[in-house]
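This report concerns only the one structure given below.
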Amino acid sequence: MAEAKSGGDFISNLGKIYTYYTGGFFGFVVFLGILEQLGVPNKFIGYGFVFLTIAVYALIGVLSRTSEVGEYYVAGRKVPAFYNGMATGADWMSGASFVGMAGTLFLLGYDGLAFVLGWTGGYVLVAILIAPFLRKFGAFTVPDFFAERYGGNMARTLAVIVLISCSFTYVVAQIYATGLIASRFLDMDFTVAVYAGLFGILLCSMLGGMKAVTWTQVAQYIVLIVAYLLPVVILSAKKFGIPVPQLTYGQAIAEITALESSMIQKGLAAAATLKPHIKPFTTYDPLNYFALILCLMIGTASLPHILMRYFTTPSVRDARSSVAWSLFFIFLLYFTAPAYAAFSKLEVYSLINKGTALADLPQWIYTYGKIGLVKICGADAVTTQGVIDACGKIANQGGMLRLQDLSINTDVIVLSTPEIAGMPYVIAGLVAAGGLAAALSTADGLLLAIANALSHDVYYKMINPNAPTKTRLIASRVVLLFVAVIAAYVASTKPADILSMVAWAFSLAAAGIFPALTLGVWWKRANTTGALLGMVLGWGVCVYYLVGTRYYAVSFNDMWAGISGAAPAAQAKFVELKAAWAAAADGAAKTAAWVALDKQAQAVAGWFGVKNISAALFGMPFGFLGVIVGSLLTKAPSKEVQDMVDATRRPAGALIMRDKDAILPSH
Amino acid sequence: MSQGADRYWQRTSGLMWTMMALWLVFSFVIHFFVNSLNSIVIAGFPLGFYMAAQGSLVVFVVMLFFFAKRQDTIDREEGVAEED
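Protein chains in written order, with the working numbering: chain D, 29 to 695; chain B, 143 to 226.
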């Protein structure tokens with residue numbers, strides 16, 4: 029009783045607590061800024077940011093510890109809509125969104141906006157089709173819903189498999205991002221940074237589960253959004269006199285367009301390689317552009333670590349407005365990213381357009397060249413002499429920096445903005461802390477989604493349904509620790525393959541979860557056979573396409589060349605390379621021929637030219653078809669199940685599922 | 143199933159389809175016309191680019207706050223809302 033009361037006090041004081049927290053954070057930034065002016069080295073400022081922010085998150089995690097099942101799994105269902113929105117924002121925006129999104133827009137121009145649209149529009153589907161009903165259902169995990177709606181452990185098992193397939197690579201990437209940000213921009217050792225991140229993640233999640241993760245994610249959201257907005261607001265005020273970058277970057281875009289033609293006229297850019305910033309479909313063709321938007325949106329609406337956030341609101345009504353708040357908080361970052369991209373592009377294009385000799389390149393190029401993120405004439409820009417030597421090897425290079433000589437990693441844009449705009453190091457440190465907050469908060473959410481599926485669905489529901497509360501909570505923590513350590517270990521090995529699979533998560537979730545989940549609510553006739561068939565087909569087709577086009581591209585193309593959608597010349601080259609490989613002598617020549625063949629195969633393999641990342645474009649129709657055909661061929665679900673669906677649709681009334689150990693509000 | 147519950151679900155589905163139609167327009171349809179929209183420039187922003195970078199996003203946010211309010215009104219009118 030005493031604990032419930034103190035919980036209530038905490039909830040009613042949230043506004044005050046997080047206002048003090050935000051004020052304290054600003055004070056801390058100012059304090060470090062003063063230290064910097066007093067001559068404290070940058071390295072200490074950087075460490076100050078990392079350790080203090082992680083310590084605060086961990087403290088929140090420890091203070092939110094709980095021994096109550098309902099609090100551990102769904103934060104006691106008392107997170108107000110507004111705060112759940114912030115927590116979802118942090119849960120959603122990954123290290124890559126924070127650090128890389130603006131860079132992607134810098135490189136791709138209009139086509140990069142597919143990510144901006146895809147990662148926001150998905151919330152419309154969450155709010156309208158899914159979240160309020162899952163909240164009413166009262167499940168602890170997404171697989172819980174599948175089991176209850178589709179009668180049993182088969183559906184649960186499939187849901188757990190899909191969940192792990194889309195969340196595990198994702199969490200590895202988050203922990204990897206933690207290491208990368210800390211090692212690149214704060215000069216820490218990569219492995220040390222990975223394990224420091226792991227420690228922070230575990231302290232945040234292990235003792236208090238969802239409850240602790242919720243309140244740390246709110247704190248992390250505040251850090252990440254301040255860190256993202258501040259530099260670009262300052263920059264906008266400096267350049268255009270108005271501190272609203274989202275409005276002023278229109279002028280930057282107009283200038284970019286003018287500079288693009290000017291650079292081509294002066295011979296400082298090649299018309300063939302320059303992608304005009306506002307011109308659509310320079311990277312993706314329209315089919316791939318729209319397919320990507322669709323897959324990202326539906327993937328967003330199916331990722332379990334996002335959906336489970338809406339289990340925590342006090343009511344169905346709050347679940348709905350919480351999705352609106354989530355989207356608002358996510359929108360703040362995504363509608364700012366194009367401004368970052370435009371300002372940086374303007375800076376870089378102006379530099380090139382005014383004719384900059386290779387000997388006079390600005391310092392930031394070397395700062396990021398040294399860590400391998402900026403290349404000039406194909407070599408890392410480490411020293412002036414190195415750059416001049418590298419460019420000397422290119423015919424007619426001319427001694428001036430040209431657009432085609434410069435290659436910038438997507439991570440540079442956000443992280444270099446403070447330096448390019450001449451702001452003090454403390455702002456750069458702040459941005460790094462924001463990137464860490466983004467990566468850590470997403471990692472927390474994902475880990476909890478995986479660990480809860482294993483401890484609640486696999487252990488409690490399938491292996492030991494009679495486990496007492498205490499055993500359940502111990503099991504959930506052991507599993508969490510186990511999954512976290514495996515993920516951190518995998519991340520510390522810098523696995524290129526796993527990191528490139530992160531983009532697959534959206535398609536896997538969209539094809540495996542979305543059809544059975546939405547039809548489970550919106551179509552009463554959907555039954556167990558249909559759901560199982562839909563999940564197996566949808567997810568299966570997706571995995572087949574993803575793995576086939578990436579790892580077995582040669583045999584995939586042998587089978588599907590007729591509908592690959594690749595240009596005839598490209599297919600002809602594939603045939604040619606295949607013959608060359610068959611004819612090559614055993615040994616090194618054979619291996620080299622295979623590498624060339626496989627590379628070409630990866631470029632052409634596919635159906636109708638749809639890129640790997642949009643695999644759900646095929647998986648999803650199969651998923652829906654499976655649910656519909658499988659359901660119609662077998663008998664309708666029982667009256668009990670149909671009544672349950674009816675009850676799910678009505679906000680009033682008791683939760684559908686009640687956990688015997690949970691002490692939760694009754695509606 | 144009672145008639146009231148039936149009508150509740152009809153109104154809820156109606157709202158769902160309206161929102162889905164808007165979603166479809168602002169996620170896809172409007173961006174089909176990006177090239178023609180780009181010929182209109184406001185404050186430096188070509189309109190086609192602007193819609194993908196900001197316009198559609200603003201619509202999504204507004205849509206969701208509207209949806210939450212509208213669905214709550216339906217819940218209350220049909221007597222299926224939770225207690226406050």
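Cβ atoms here follow ideal geometry from the backbone N, Cα and C, with glycine treated the same way.
Cβ separation of D:V170 and D:L191, assumed to be a contact under 8 Å, to the nearest whole Å: Here residue 170 of chain D is taken as the residue at index 142 of the first sequence, counted from 1. Here residue 191 of chain D is taken as the residue at index 163 of the first sequence, counted from 1. The pair is a contact, with the Cβ atoms about 6 Å apart (cut-off 8 Å).
Backbone CA spacing between D:Y487 and D:G180 [nearest angstrom]: Taking the first residue of the first sequence as position 1, residue 487 of chain D is located at position 459. Taking the first residue of the first sequence as position 1, residue 180 of chain D is located at position 152. Looking at the two C-alpha atoms, the distance is approximately 15 Å.
Interface flag, B:V201 vs chain D, CB-CB below 7 Å: For the purposes of this step, residue 201 of chain B is taken as the residue at position 59 of the second sequence. Taking Cβ atoms only, chain D never reaches closer than 7 Å to B:V201, which makes this a no.
Three-pair Cβ contact test at 8 Å for the segment 395-404 of chain D versus the segment 428-437 of chain D: Result yes; three or more Cβ-Cβ pairs closer than 8 Å.
8 Å contact criterion, which D:A516 and D:L226 should meet: CB distance rounded: For the purposes of this step, residue 516 of chain D is taken as residue 488 along the first sequence, with counting starting at 1. For the purposes of this step, residue 226 of chain D is taken as residue 198 along the first sequence, with counting starting at 1. About 4 Å; that satisfies the 8 Å criterion.
Members of the segment 339-371 of chain D near chain B, C-beta cut-off 7 Å: In summary, the residues of the segment 339-371 of chain D whose CB is separated from some CB of chain B by less than 7 Å are S343, V344, R345, R348, S349, V351, A352, L355, F356, F359, Y362, F363 and P366, in the order they occur in the chain.
First through last residue of the beta strand (DSSP E) which encompasses D:I436: The count along the first sequence starts at 1 and reaches residue 436 of chain D at position 408. L434 to I436 is the span of the beta strand (DSSP E), which, as asked, contains D:I436.
Neighbour flag for B:V222 against chain D, beta carbons, 7 Å: Position 80 of the second sequence holds residue 222 of chain B. Closer than 7 Å to some Cβ of chain D, the Cβ of B:V222 qualifies, so yes.
Under 7 Å from the C-beta of B:L206: neighbouring residues of chain D: For this step, residue 206 of chain B is matched to residue 64 along the second sequence. Under the 7 Å cutoff, chain D gives Y151, V152, A155, V351, A352 and L355.
Contact with chain D by B:V176, beta-carbon distance below 7 Å: Counting from 1 along the second sequence, the entry for residue 176 of chain B is found at position 34. Yes - at least one Cβ of chain D is within 7 Å of the one on B:V176.
For D:M685, the three-state DSSP class (helix, strand or coil): The residue you call residue 685 of chain D lines up with position 657 of the first sequence. Note: D:M685 maps to coil in three-state DSSP.
DSSP-derived helix/strand/coil call for D:V69: Walking along the first sequence from the start, residue 69 of chain D turns up at place 41. The sequence shown places Pro at residue 69 of chain D, rather than the Val named in the question. Note: D:P69 maps to coil in three-state DSSP.
Option nearest D:V260 by Cα separation, candidates D:Y101, D:Y49, D:S504 and D:T364: For the purposes of this step, residue 260 of chain D is taken as the residue at position 232 of the first sequence. Taking only the C-alpha atoms, the option nearest D:V260 is D:T364.
Cβ separation of D:G397 and D:D408, assumed to be a contact under 8 Å, to the nearest whole Å: Against the first sequence, residue 397 of chain D aligns to sequence position 369. Against the first sequence, residue 408 of chain D aligns to sequence position 380. The pair is a contact, with the Cβ atoms about 5 Å apart (cut-off 8 Å).
Proximity test, Cβ basis, 7 Å: D:A682 and chain B: Here residue 682 of chain D refers to the residue found at position 654 when the first sequence is read from its first residue. So no, D:A682 is outside the interface.
Boundaries of the beta strand (DSSP E) in which D:I404 is found, first to last residue: Residue 404 of chain D sits at position 376 when you count from the first residue of the first sequence. It spans V402 to I404 - the beta strand (DSSP E) in which D:I404 sits, taken as one unbroken run.
Any C-beta of chain B under 7 Å from that of D:R177: As a position in the first sequence, residue 177 of chain D is number 149, starting the count at 1. No - not a single Cβ of chain B is within 7 Å of the one on D:R177.
7 Å Cβ cutoff, D:T676 in contact with chain B: Counted from its first residue, the first sequence places residue 676 of chain D at position 648. Answer no: the Cβ-Cβ gap between D:T676 and chain B never drops below 7 Å.
Neighbour flag for D:L527 against chain B, beta carbons, 7 Å: As a working note, residue 527 of chain D is residue 499 in the first sequence. Cβ-Cβ to chain B under 7 Å: no for D:L527.
Three-state secondary structure assigned by DSSP to D:H695: Reading the first sequence from its first residue, position 667 is the one you call residue 695 of chain D. Note that D:H695 has pLDDT 44, beneath the 50 cutoff, so the model's placement of it is unreliable and no number is given.
Span of the alpha helix (DSSP H), counted from its first residue to its last, around D:S193: Numbered from its first residue, the first sequence carries residue 193 of chain D at position 165. N181 to F213 is the extent of the alpha helix (DSSP H) around D:S193.
Min CB distance D:P69 to chain B below 7 Å: For the purposes of this step, residue 69 of chain D is identified with residue 41 of the first sequence, where counting begins at 1. So no, D:P69 is outside the interface.
Residues of the segment 318-332 of chain D with Cβ closer than 8 Å to any Cβ of chain B, in chain order: Against chain B - using a Cβ distance shorter than 8 Å - the residues of the segment 318-332 of chain D are F318, I321, L322 and M325.
Selected residue, minimal CA-CA separation from D:T197, among D:A643, D:A531 and D:D626: In the first sequence, the residue the question calls residue 197 of chain D occupies position 169. Considering only alpha carbons, the answer is D:A531.
Beta-carbon contacts of D:K618 that lie in its chain and below 8 Å, excluding the five residues immediately before and after: The residue you call residue 618 of chain D lines up with position 590 of the first sequence. If you ignore the 5 residues before and after D:K618, its C-beta comes within less than 8 Å of the C-beta of W609 and A612, all in its own chain and listed in chain order.
Separation of D:G615 from D:V603, as counted between CA atoms: Here residue 603 of chain D refers to the residue found at position 575 when the first sequence is read from its first residue. Here residue 615 of chain D refers to the residue found at position 587 when the first sequence is read from its first residue. In a straight line, the C-alpha of D:V603 is about 21 Å away from that of D:G615.
Nearest residue (CA-CA) to D:K266, options D:G450, D:F359 and D:K307: Looking up residue 266 of chain D in the first sequence gives position 238. Ranking D:G450, D:F359 and D:K307 by Cα distance to D:K266 puts D:G450 first.
Reduced DSSP category for D:M428 - H, G, I as helix; E, B as strand; rest coil: Along the first sequence, one-based indexing puts residue 428 of chain D at 400. Three-state result, D:M428: strand.
D:R345 - containing alpha helix (DSSP H), residue span: As a working mapping, residue 345 of chain D is identified with position 317 in the first sequence. Looking at the DSSP string, the run of the alpha helix (DSSP H) that includes D:R345 is V344 to Y362.
Segment contact flag, the segment 268-278 of chain D with the segment 474-487 of chain D, C-beta cutoff 8 Å, min 3 pairs: no
Contact list for B:A147 against chain D, beta-carbon separation under 9 Å: Counting from one through the second sequence, the residue named residue 147 of chain B turns up at place 5. Ordered by position in chain D, the residues that pass the 9 Å Cβ test against B:A147 are D674, R677 and R678.
Contact the segment 458-466 of chain D vs the segment 378-396 of chain D: 3+ CB pairs below 8 Å: no
Residues within the segment 263-292 of chain D neighbouring chain B, beta-carbon criterion of under 9 Å: So the close ones are Q274, L275, T276, Y277, G278, Q279, A280, I281, A282, E283 and T285.
Neighbourhood of D:L287 by C-beta, 7 Å cutoff - its chain only, sequence neighbours within 5 removed: In the first sequence, the residue the question calls residue 287 of chain D occupies position 259. Correct list, in chain order: Y377, S378 and N381.
Spatial distance of D:H695 from D:G89 (CA atoms): Position 667 of the first sequence holds residue 695 of chain D. Position 61 of the first sequence holds residue 89 of chain D. Confidence in D:H695 is poor, its pLDDT being 44 and thus under 50, which makes the residue's placement unreliable; the coordinate value appears in the next sentence. Each residue's alpha carbon lies about 27 Å from the other.
Neighbour-count burial assignment, D:G590, 16 or more Cβ in a 10 Å radius: Residue numbering aside, residue 590 of chain D sits at position 562 when the first sequence is read from its first letter. Exposed, since its Cβ has fewer than 16 Cβ neighbours within 10 Å.
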